[in-house]
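Protein chains in written order, with the numbering used here: chain A, -13 to 184; chain B, -13 to 184.
This report refers to the structure that appears directly beneath it.
Protein chains: 2
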Amino acid sequence: MILEQSIKGKSKKQLISEAAAQLFRDKGYTATSMRDLAEKVNLKASSLYNHIGSKEEILRDICFANGQRFNEGMEEVEQLHAPAVEKVRALIRLHIQIATEDVTSVTAFNDEWRHLSEPYLSDFRQLRRNYERRFQAIIEEGIRNGEFKALDPFATLYTIFSSMRWLYDWYKPERKVSPEQLYEQISTLLMSGLVNEK
Amino acid sequence: MILEQSIKGKSKKQLISEAAAQLFRDKGYTATSMRDLAEKVNLKASSLYNHIGSKEEILRDICFANGQRFNEGMEEVEQLHAPAVEKVRALIRLHIQIATEDVTSVTAFNDEWRHLSEPYLSDFRQLRRNYERRFQAIIEEGIRNGEFKALDPFATLYTIFSSMRWLYDWYKPERKVSPEQLYEQISTLLMSGLVNEK
DNA sequence: CCTACCGATCGGTAGG
DNA sequence: CCTACCGATCGGTAGG
Chain A
-13 MILEQSIKGK SKKQLISEAA AQLFRDKGYT ATSMRDLAEK VNLKASSLYN
37 HIGSKEEILR DICFANGQRF NEGMEEVEQL HAPAVEKVRA LIRLHIQIAT
87 EDVTSVTAFN DEWRHLSEPY LSDFRQLRRN YERRFQAIIE EGIRNGEFKA
137 LDPFATLYTI FSSMRWLYDW YKPERKVSPE QLYEQISTLL MSGLVNEK
Chain B
-13 MILEQSIKGK SKKQLISEAA AQLFRDKGYT ATSMRDLAEK VNLKASSLYN
37 HIGSKEEILR DICFANGQRF NEGMEEVEQL HAPAVEKVRA LIRLHIQIAT
87 EDVTSVTAFN DEWRHLSEPY LSDFRQLRRN YERRFQAIIE EGIRNGEFKA
137 LDPFATLYTI FSSMRWLYDW YKPERKVSPE QLYEQISTLL MSGLVNEK
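This is how it looks when you write it as structure tokens:
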């Protein structure tokens, strides 16, 4: 069985989770039925439960797995011995990398986490708040030492954060745009602004 | 009856629509039941149908009303005899104004339009594409005449667009932040960038 | 992995 | 505006 998995590369559970992420992205978590999902993996709805515990468990796995990806990226960035501007650039790169690497999963994570029930909802919110605080601390560091303009750190955090959300709706692997090209465009806009200096 | 409405200021239909927008924002369109909505306006579910045609009709009204607000704003901006940079600033102000004026309605519009059925879904997409194209044309104008950096117009459009989406999640009238303060922060970041020029 | 089926809930209608 | 109710569909279980 382990052999079989390692040949195919993916367990049935993983296949179900990936199909679910696609449906969650297309129709939303609530509008996705277990029968939709079953059909997508050529199973009857009841058979899904041999591989997963519940519909919400799938969502939970997606949300926390992506939360962890962001937090691991943050960890690395924090350890950089570099100016705040380089750290923020690295975080922009991180967001784009995650978005383009596994866009369906990250979209479900981003848009559907509110359908988590307690206590997972609170756990998730805490995870997210933690990430945001660390991001904001880097922005504040840059403002303090004069690298950044003296903008409101919270508004700046959220504007940067949000500014890449369109990738979740728009990006498909078929679009032959490299993460690096996107990074170039987005980081220039956010760091230097749209307007040409005279 | 007309008198009664003009004293209260709002028709029952409007009250239902506003309650629905709040629920759509909190739980999403699909997860909002007509029984939830009925309870919120102190009615039985069946009685809602004396004021509205269907659940989707409510969503439809919200989506197209907000679409119109954006398009009317765009109309005004296009008629400005001003450099592209002023037009983009005016559009940023427009997005912030709409977001803070009626945040529940605009959030439902933004997040739930995909639950529209045909032919409304196609109509909506066209309305939106039209708005985006006009926004992009202004960006291209600014690039052409050297006001803006030579970034990719599409990526620029979407990054600016997206960058204000956090207001839909975060903003509440109770937060005593003025649209003008938000405009100051966001437009500075997008137009001039986060980094301090030396 | 399937068939058969559960109680709950959905959007909406009939009729008064 | 309500009570009563419709068929459809939901997430999930039993049992093999």
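Glycine included, C-beta positions come from ideal geometry on N, C-alpha and C.
In this text, all values refer to a predicted model and were calculated from it rather than measured experimentally.
Could you tell me the alpha carbon to alpha carbon distance between residue i and residue j, rounded to whole angstroms?
{"i": "Leu175(B)", "j": "Ile146(B)", "result": "10 Å"}
{"i": "Phe140(B)", "j": "Leu23(A)", "result": "34 Å"}
{"i": "Tyr169(A)", "j": "Glu61(A)", "result": "20 Å"}
{"i": "Val63(B)", "j": "Ile125(B)", "result": "13 Å"}
{"i": "Asn96(B)", "j": "Leu29(A)", "result": "34 Å"}
{"i": "Asp109(B)", "j": "Ala31(A)", "result": "34 Å"}
{"i": "Leu102(A)", "j": "Gln0(B)", "result": "31 Å"}
{"i": "Gln83(B)", "j": "Glu166(B)", "result": "9 Å"}
{"i": "Ser173(B)", "j": "Val27(A)", "result": "46 Å"}
{"i": "Tyr15(B)", "j": "His81(A)", "result": "28 Å"}
{"i": "Ala85(A)", "j": "Ile48(A)", "result": "14 Å"}
{"i": "Ala123(B)", "j": "Glu160(A)", "result": "26 Å"}
{"i": "Glu98(A)", "j": "Met177(B)", "result": "32 Å"}
{"i": "Ser19(A)", "j": "Ala6(A)", "result": "10 Å"}
{"i": "Lys(-2)(A)", "j": "Leu9(A)", "result": "17 Å"}
{"i": "Lys158(B)", "j": "Glu133(B)", "result": "35 Å"}
{"i": "Leu153(A)", "j": "Trp152(B)", "result": "15 Å"}
{"i": "Gly59(A)", "j": "Glu25(B)", "result": "45 Å"}
{"i": "Ala17(B)", "j": "Val74(B)", "result": "36 Å"}
{"i": "Ser33(B)", "j": "Arg100(B)", "result": "27 Å"}
{"i": "Tyr50(B)", "j": "Glu183(B)", "result": "For the record, residue 50(B) in the displayed sequence is Phe; it is not Tyr. When rounded, the distance between both Cα atoms is 43 Å."}
{"i": "Ala76(B)", "j": "Ala76(A)", "result": "31 Å"}
Quick check on this structure: which residue in the options has the alpha carbon closest to the alpha carbon of residue i?
{"i": "Ala94(B)", "options": "Arg111(B), Ile44(B), Glu61(B) and Ile82(B)", "result": "Ile44(B)"}
{"i": "Asp12(B)", "options": "Leu168(B), Tyr169(B), Ser149(B) and Trp156(B)", "result": "Trp156(B)"}
{"i": "Arg55(B)", "options": "Lys162(B), Leu113(B), Ala123(B) and Lys158(B)", "result": "Leu113(B)"}
{"i": "Ser149(A)", "options": "Ile78(A), Ala5(A) and Glu183(A)", "result": "Ile78(A)"}
{"i": "Glu104(A)", "options": "Asn182(A), Gln8(A), Arg46(A) and Ser33(A)", "result": "Arg46(A)"}
{"i": "Asn57(B)", "options": "Phe121(B), Arg75(B), Lys41(B) and Ala17(B)", "result": "Phe121(B)"}
{"i": "Val163(A)", "options": "Asp138(B), Val74(B) and Val163(B)", "result": "Asp138(B)"}
{"i": "Leu107(A)", "options": "Glu42(A), Ala17(A), Leu34(A) and Glu25(A)", "result": "Glu42(A)"}
Would you decide whether residue i is buried or exposed? Buried here means 16 or more other CB atoms lie within 10 Å of its CB.
{"i": "Gln171(A)", "result": "buried"}
{"i": "Gly39(A)", "result": "exposed"}
{"i": "Asn36(A)", "result": "exposed"}
{"i": "Arg21(B)", "result": "exposed"}
{"i": "Tyr143(B)", "result": "It should be pointed out that residue 143(B) corresponds to Leu in this sequence rather than to Tyr. Classification for Leu143(B): buried."}
{"i": "Gly53(B)", "result": "buried"}
{"i": "Ala136(B)", "result": "exposed"}
{"i": "Arg111(B)", "result": "exposed"}
{"i": "Gly(-5)(B)", "result": "exposed"}
{"i": "Ser3(B)", "result": "buried"}
{"i": "Leu180(B)", "result": "buried"}
{"i": "Leu66(A)", "result": "exposed"}
Worksheet item: Between the segment 14 to 33 of chain A and chain B, which residues of the former have a C-beta closer than 7 Å to a C-beta of the latter?
Response: Of all residues in the segment 14 to 33 of chain A, only Gly14, Thr16 and Ala17 place a beta-carbon less than 7 Å from a beta-carbon of chain B.
Practice prompt. Please confirm if the segment 87 to 98 of chain B is in contact with the segment 111 to 127 of chain B, defined as three or more CB-CB distances below 8 Å between the two stretches.
Written response: No contact exists between the segment 87 to 98 of chain B and the segment 111 to 127 of chain B.
Worksheet item: Taking Cβ-Cβ distances below 8 Å as the criterion, which residues of the segment 132 to 144 of chain A are in contact with chain B?
Response: Listed by position along the chain: Gly132, Glu133, Phe134, Lys135, Leu137, Asp138, Ala141, Thr142 and Tyr144.
Practice prompt. Please confirm if the segment 66 to 81 of chain B is in contact with the segment 129 to 138 of chain B, defined as three or more CB-CB distances below 8 Å between the two stretches.
Written response: Counting Cβ pairs under 8 Å, three or more are found: they touch.
Item to complete: Using a Cβ-Cβ cut-off of less than 9 Å, give me the residues of the segment 144 to 156 of chain A that come near chain B, in sequence order.
Response: The segment 144 to 156 of chain A vs chain B, Cβ under 9 Å: Tyr144, Thr145, Ile146, Phe147, Ser148, Ser149, Met150, Arg151, Trp152, Leu153, Asp155 and Trp156.
Worksheet entry | chain B contacts made by the segment 87 to 108 of chain A, where a contact means CB separation under 9 Å | The segment 87 to 108 of chain A vs chain B, Cβ under 9 Å: Asp97, Glu98, Arg100 and His101.
Worksheet item: Of the residues that make up the segment 55 to 73 of chain B, which ones have a beta carbon closer than 9 Å to any beta carbon in chain A?
Response: Correct list: Val71.
Discussion item. If the cut-off is 8 Å on Cβ atoms, which residues from the segment 171 to 182 of chain B count as contacting chain A, listed in chain order?
Written reply: Across the segment 171 to 182 of chain B, CB contacts with chain A closer than 8 Å involve Gln171, Ile172, Thr174, Leu175, Leu176, Met177, Ser178, Gly179, Leu180, Val181 and Asn182, in sequence order along the chain.
Item to complete: Anything in the segment 156 to 169 of chain A with a Cβ closer than 9 Å to a Cβ of chain B? List those residues in chain order, please.
Response: Contact residues of the segment 156 to 169 of chain A toward chain B are Trp156, Val163, Gln167 and Leu168 (C-beta to C-beta distance below 9 Å).
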